[in-house]
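Colleague: With our numbering, the residue at position 71 of the sequence shown is 58, and numbering never jumps. Backbone N, C-alpha and C define an ideal beta-carbon position, used for all residues, glycine too. Quick caveat, the model's predicted, so the values are computed rather than measured.
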Amino acid sequence: MFGTVSEEREVSVPASEAWKLYGTLRLAKIVGEALPNLIEKIEVVEGDGGAGTIVKLCFPPGAGLGDYKEKFTVVDDEKRVKETEIVEGGYLDIGFSLYRVRFQVIEKEGNSSSCITKSTIEYEVKEESAANASFVSIQPLAKIMEVAANCLVGS
């Protein structure tokens, strides 16, 4: 079973400014500080924020999902797209064969002082674990986009 969910948010900063946050490890640092109830800690296992970087996301006790590692599979500065895939733990432990998150920063046509940030989750879950697809939620990414927008507009 394959599925996709996404969320968009308009931010009143140029796309190039938003990408300076989304396209780097700075986003993880800000999220870790601003949303301790969502993500307890984010550790860089290897890499510098480019493609191939692996980070470990640690969740507070009782958050439901176990800790997991994700790998940055795409960091495209030209298209302003970052993709990560879970490579260990988390959703993979409950029957998912794919859990990919994509962040995009889209320049608004005719308005260089504002942009659209878009988050998308793509997932594939094994048939015998199809009921676990209900665990997929865009809400945590919507909170991350809100924190990022507040940081960008406030800076």
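According to the neighbour-count rule (16 or more other Cβ atoms, all chains shown, within 10 Å of its Cβ), is S(-1) buried or exposed?
Modeller: As a working mapping, residue -1 is identified with position 12 in the sequence shown. It counts as exposed.
Colleague: So N137 is in the alpha helix (DSSP H); what residue range does that whole segment cover?
Modeller: Taking the sequence shown and counting its residues from 1, the one referred to as residue 137 is at position 150. Counting along the chain, the alpha helix (DSSP H) containing N137 begins and ends at 126 to 141.
Colleague: Quick check on DSSP: helix, strand or coil for L25?
Modeller: Here residue 25 is taken as the residue at index 38 of the sequence shown, counted from 1. L25 falls in the coil class under three-state DSSP.
Colleague: What is the DSSP secondary structure of E111, reduced to helix, strand or coil?
Modeller: To locate residue 111, count along the sequence shown from 1; it is residue 124. Three-state DSSP puts E111 in a strand.
Colleague: If we cut at 8 angstroms on Cβ distances, does P127 have a partner in chain C?
Modeller: Although the question refers to chain C, the structure presented lacks it and comprises just one protein chain.
Colleague: Relative to the C-alpha of T71, which residue among V42, E30, V134, K7 is closest?
Modeller: Numbered from 1 along the sequence shown, position 84 holds the residue referred to as residue 71. It is V42 whose Cα lies nearest to the Cα of T71.
Colleague: Classify G159: buried if its beta carbon has 16 or more other beta carbons within 10 angstroms, exposed otherwise.
Modeller: Nothing can be reported for residue 159, as the shown portion of the chain is limited to -12 through 142.
Colleague: Any idea if K113 is buried or exposed, counting beta-carbon neighbours within 10 angstroms, 16 or more meaning buried?
Modeller: Residue 113 sits at position 126 when you count from the first residue of the sequence shown. Under this definition K113 is an exposed residue.
Colleague: How many angstroms separate the CA atom of D54 from the CA atom of S3?
Modeller: One-based indexing of the sequence shown puts residue 54 at position 67. One-based indexing of the sequence shown puts residue 3 at position 16. So the two alpha carbons sit approximately 32 angstroms from each other.
Colleague: Using only the alpha-carbon positions, how far apart do G51 and S121 sit?
Modeller: Position 64 of the sequence shown holds residue 51. Position 134 of the sequence shown holds residue 121. Cα-Cα distance, rounded: 13 angstroms.
Colleague: With a cut-off of 8 angstroms, do at least 3 Cβ pairs link the stretch 100 to 120 to the stretch 80 to 92?
Modeller: Counting Cβ pairs under 8 angstroms, three or more are found: they touch.
Colleague: I'd like the span of the alpha helix (DSSP H) that includes Y86, first residue to last.
Modeller: The sequence position of residue 86 within the sequence shown is 99, counting from 1. Not the alpha helix (DSSP H): Y86 falls in the beta strand (DSSP E), residues 83 to 95.
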